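Just so you know, the sequence shown maps onto residues 7 to 1085 in this note's numbering.
Right, one structure below, let's go through it.
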Amino acid sequence: MQKSVRYNEGHALYLAFLARKEGTKRGFLSKKTAEASRWHEKWFALYQNVLFYFEGEQSCRPAGMYLLEGCSCERTPAPPRAGAGPGGVRDALDKQYYFTVLFGHEGQKPLELRCEEEQDGKEWMEAIHQASYADILIEREVLMQKYIHLVQIVETEKIAANQLRHQLEDQDTEIERLKSEIIALNKTKERMRPYQSNQEDEDPDIKKIKKVQSFMRGWLCRRKWKTIVQDYICSPHAESMRKRNQIVFTMVEAESEYVHQLYILVNGFLRPLRMAASSKKPPISHDDVSSIFLNSETIMFLHEIFHQGLKARIANWPTLILADLFDILLPMLNIYQEFVRNHQYSLQVLANCKQNRDFDKLLKQYEANPACEGRMLETFLTYPMFQIPRYIITLHELLAHTPHEHVERKSLEFAKSKLEELSRVMHDEVSDTENIRKNLAIERMIVEGCDILLDTSQTFIRQGSLIQVPSVERGKLSKVRLGSLSLKKEGERQCFLFTKHFLICTRSSGGKLHLLKTGGVLSLIDCTLIEEPDASDDDSKGSGQVFGHLDFKIVVEPPDAASFTVVLLAPSRQEKAAWMSDISQCVDNIRCNGLMTIVFEENSKVTVPHMIKSDARLHKDDTDICFSKTLNSCKVPQIRYASVERLLERLTDLRFLSIDFLNTFLHTYRIFTTAAVVLGKLSDIYKRPFTSIPVRSLELFFATSQNNRGEHLVDGKSPRLCRKFSSPPPLAVSRTSSPVRARKLSLTSPLNSKIGALDLTTSSSPTTTTQSPAASPPPHTGQIPLDLSRALSSPEQSPGSVEENVDNPRVDLCNKLKRSIQKGFNNTERTCDKEFIIRRTATNRVLNVLRHWVSKHAQDFELNNELKMNVLNLLEEVLRDPDLLPQERKATANILRALSQDDQDDIHLKLEDIIQMTDCMKAECFQSLSAMELAEQITLLDHIIFRSIPYEEFLGQGWMKLDKNERTPYIMKTSQHFNDMSNLVASQIMHYADVSSRANAIEKWVAVADICRCLHNYNGVLEITSALNRSAIYRLKKTWAKVSKQTKALMDKLQKTVSSEGRFKNLRETLKKYVCLNY
């Protein structure tokens, strides 16, 4: 027989550790031992329903534990003190707090405890009471009683139902019996009719029976039909049909409104303008009218027919069949493609025509028509742009409330798919032409014109104002000051960044742009961006101190001219980081494409663009990816949606890297994956770069490589696929056994004039070299010796030239590399450099992504210390690579420095501190500050708060969910700050007792709101206007009577600007014009 109870001691020790660390209540208590007169002080810790006690606070192993479930705790009086002792000791013992823990089962002695303070004892009793789960047991008993009561009610209802059912059966039996009696009586009456002709035709009892029978039949039928109707009304099918009918009625109303808008467009603008174009002095030509109103009349006729069909179907309600109407409408909706494609051009033509005073006057006369309701012609031209998406939304809602077995379910789904396909085509066409229009708009602004912007492959990246610092000989900066007015005025440049070129323009007084005569158009393939000045350059140190580290250099090395340096100055460090990141990304994309083209260009003429075009995975939809018809900056279809694996595959594809994809991925990756997964993929690409190239490309690559290597590959296995073979292939040992010097390769060296991406530094003996068997590496290493005999025998490299450049091998090999990049490697050079260049490209890809991640998304590493340490470990591993190039080492060091440095910017205040600032404002502070100072400080605080919101909180509308405080804490704190500021304004006005002071305060706050509007802080405007519209302020009639009319008019203007009518229509129109703080 088992003598003791076994328990999991390890788990008990773990619970004791949690109790010491996270216990509900912890502290010293005195515990009464088995001897009635002895108390021992122990350190107790309560965790959930287990009470542990230790010998001391530092003890790791518990001395014992009590299970408190089902126990009760009550206070006990101090035990009597028998025996003589000092009076002070007895008084101290009497003041102590005694309580006892009673367990709910027999055989368990109560636990007697005491503490020094009464408050502490009450807290211990309350914690033990909660740990005993007594409240839960009481609540369970109450719920059990309610359950028993409900069960009794249900049983009673069942019994009553059975009784009623039996009564109905008895009544049915009685009715059948009465029916049989009636039939028998009728037969008897027929037989006795000749003998009883003088008697009454029908017996009164029979009449009564018939009445009872008719009443019961009618009652049963009405009861049955009432039950059927009520059940159907409450059924989900009926609810779905009601919603479906409501959607149809809403669609008919929307279609009627849309037809009315088209009618106004055609009859109020198109036809009158056609007549005006036929006049003697036409204000507009017929071609312009056709360009502005392309297909408008046809669209109106089409929707009039569709609207008539809808009204005819509504007349047959409740039978609503709509699928055939959409079948008729779908083939004709292609005219929307021409309208959408022409929309931007029509608005541009209209804007040009408005410069004619006669046309502008005539157009205002048409727009003054009451039917237009104050809407402009541009508004009516925009309505057809939203009709196809409106149909898609309507069909989506209609299908949501259409049963799967409905007769027109498949037809509606087909119509919805066709409309979505049409909408996708229209959207892609608009997106594809937006970039062309943007380039053309910039090209028109430039007085001299710019032919490179007419290239459709040019994708606009960013634009902004930068200051060009004048330079003197040798690229050194002149001694100028940042605060110099002449530098800001004369050196201000309007810069435009495209995927292949960088434009630098000056702006004239009339707003036109002029390209710089020297360095106005920079080809990025000839540029090298210098992010950090060389530490050994004294002038660079001085410029960093003078310009506050806001400057960066672009070294331009054109192939047909002398090199020069462009020094630009950004307005802030954030702008500098953004410009450098985008410029370097464009340069890296160009150079990466050039490198990969060199690597894959073989006798088979398989180049990178052809490889990308022939790769079906980059443009063909699959189960885990869907593409758009819009092309990105790399001329690859954009991704509409894809799985995590495909997105990471696109991120690490060494053949190209799109800037917009990288930005979108880093903004949204937190929704579908984690930072650890992304970092793991980058680490895997760095260590195994060949895994980032598709299999078909690798087959082509290795096939050509092995053909050129021939006898060098012994085992026939695939080449080096791991980072451990990252060293470049060794040169062949010469006959004189001269030592072989290392060869270096730089992907971002400024010495190269054409591509600036490679820098080979190779030195060899001028004597003819051949392969030495002793110098050949073992087969398992996979390293291939380089035979220079073929290279020296080429026409471009004579032995004399080699000997001439022995003293300066770097210059010789840089020239060799330039020829290789411009004309291509020969077979021998290409064979030995392919794998090394791919590894260098993989390293550059990892560093580019990490640099972009660290510079633009630093909060990811501030909030996740584990991620930061993993990135630091990866960068340190990169630095330990013996074959790391100088530019790669410098880029790695820059990323490490950016990760390691602490942000000392005092602008980054804590959001909690800003929210608490609203409670610190006093009346005398408000009176002493001017309206300008108040508006500036409010704008500064709103800007800091808005900037502190992480961008991932704007995704998924988390602020609308139930767990909004956990998903979007900063947005909720921003809303709290808005409410606090509004409360502050209202309370400050109500702080004054007299009417005049309140009126002055209102006028001052309105002035503050108007200044906030001038500062483009519409959030501050809404904070103040919402406070003035509160009932506590709005009801002050005497105060408002003393407010000036100018202030009231100004307030009405501000309220109209931030009004919520039309989903903040006026505010949205204002936001299109300025960069401002939005509400």
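The beta carbon of each residue, even a glycine, is placed where N, CA and C say it ideally should be.
If you're wondering where the values come from, they're calculated on a predicted model, not measured in any experiment.
Point to revise | Where Gly1026 sits in the DSSP three-state scheme | key: Assignment of Gly1026 by DSSP, reduced to helix, strand and coil, places it in the helix class.
Practice item. Name the residue from Ile977, Lys862 and Glu379 whose alpha carbon lies nearest to the alpha carbon of Leu271. Key: Glu379
Point to revise | Residue-level contact to chain C via CB, Met71, 9 Å cutoff | key: The structure shown contains no chain C; it holds only a single protein chain.
**Study point:** Where Glu414 sits in the DSSP three-state scheme
**Key:** coil
Exercise for review: Given a cut-off of 9 Å, decide if Ile442 and Leu509 are closer than it, judged by their beta-carbon atoms.
Suggested key: For Leu509 and Ile442, no; Cβs fall outside 9 Å.
**Study point:** Inter-residue spacing [alpha-carbon to alpha-carbon] between Ala166 and Gln158
**Key:** 12 Å
Exercise for review: Identify the continuous alpha helix (DSSP H) that holds Ser241 and give its terminal residues.
Suggested key: Note, Ser241: premise wrong, no alpha helix (DSSP H); not H, not E.
Review point. Rounded to the nearest angstrom, how far is the Cβ of Phe504 from that of Gln464, given a contact under 8 Å?
Key: 5 Å
Review point. If we ignore side chains and look at the alpha-carbon of each, how far apart do Arg146 and Tyr139 end up?
Key: Just so you know, the alpha carbons of Arg146 and Tyr139 end up roughly 11 Å apart.
Exercise for review: With DSSP as the reference, please indicate the residues paired to His46 in a beta bridge.
Suggested key: Lys37
Review point. How far does the alpha helix (DSSP H) with Glu303 in it reach, from first residue to last?
Key: Ser302 to Ala321
Check your understanding: In or out: Leu170 buried (at least 16 other Cβ within 10 Å) or exposed?
Key -> Result: exposed.
Check your understanding: For Pro695, does the count of other Cβ atoms within 10 angstroms reach 16, so buried, or fall short, so exposed?
Key -> With 16 or more other Cβ atoms within 10 Å, it is buried.
Point to revise | Lys896 to Thr670 span [Cα, whole Å] | key: 27 Å
Check your understanding: What is the DSSP secondary structure of Val431, reduced to helix, strand or coil?
Key -> helix
Point to revise | Residues that Lys31 bridges to, as DSSP identifies them | key: Leu52
Check your understanding: Rounded C-beta distance between Glu80 and Thr106? I'm assuming under 8 Å.
Key -> 6 Å
Practice item. Can you grab the Cα-Cα spacing for the pair Pro577 / Glu972, in whole Å? Key: 36 Å
Check your understanding: What residues in its chain sit with their C-beta under 8 Å from that of Ser297, if we drop five residues either side in the sequence?
Key -> Asn348, Tyr351, Ser352 and Val355
Check your understanding: Assuming Pro956 and Gln865 make a contact with CB atoms under 8 Å, what is their CB distance in whole Å?
Key -> 6 Å
Point to revise | Secondary structure of Lys115, DSSP reduced to three states | key: coil
Check your understanding: Under a Cβ-count criterion, where at least 16 other Cβ atoms within 10 Å of its own Cβ denotes burial, should Ser610 be classed as buried or exposed?
Key -> Summary for Ser610: the model assigns pLDDT 40, below 50, so the residue's position carries little reliability; its value from the coordinates is reported in the next sentence. Result: exposed.
Point to revise | Status (buried if at least 16 other CB within 10 Å, exposed otherwise) for Arg26 | key: When all chains shown are included, Arg26 counts as buried.
Check your understanding: How far does the beta strand (DSSP E) with Ala648 in it reach, from first residue to last?
Key -> Pro643 to Ala648
Point to revise | Close-in-space but distant-in-sequence residues of the same chain around Arg652 (CB under 7 Å, 5 per side omitted) | key: Asp630 and Ile631
Check your understanding: Based on the DSSP secondary-structure assignment, which residues constitute the bridge partners of Cys121?
Key -> Tyr103
Review point. By the 10 Å Cβ neighbour count, where 16 or more other Cβ atoms means buried, how is Thr1031 classified, buried or exposed?
Key: buried
Review point. What are the boundary residues of the alpha helix (DSSP H) that includes Met71?
Key: No alpha helix (DSSP H) holds Met71; the beta strand (DSSP E) holding it covers Gly70 to Leu73.
Practice item. Tell me whether Cys456 sits in a helix, a strand or coil according to DSSP, three-state version. Key: Residue state, collapsed to three classes: coil.
Practice item. Would you mind working out which of Gly113, Glu112, Gln114 and Glu129 sits nearest Arg120, comparing C-alpha positions? Key: If we check each option's Cα against that of Arg120, Glu129 comes out closest.
Review point. In three-state terms, what does DSSP make of Asp628?
Key: strand
Exercise for review: Just grab the DSSP bridge partners of Cys533 for me.
Suggested key: DSSP lists Val562 as the bridge partner or partners of Cys533.
Exercise for review: Would you tell me roughly how many angstroms separate the C-alpha atoms of Thr179 and Glu414, rounded to the nearest one?
Suggested key: When rounded, the distance between both Cα atoms is 48 Å.
Practice item. Answer yes or no: do Glu581 and Cys533 have a C-beta to C-beta separation smaller than 9 Å? Key: no
Practice item. Just tell me which of Gly516, Met1057, Leu335 and Ala244 has its CA closest to the CA of Val1027. Key: Among Gly516, Met1057, Leu335 and Ala244, the Cα nearest to that of Val1027 belongs to Met1057.
Review point. What's the gap between the Cα of Ala647 and the Cα of Lys862?
Key: Per the sequence presented here, residue 647 reads as Tyr, with Ala not at that position. Computed Cα separation, rounded: 24 Å.
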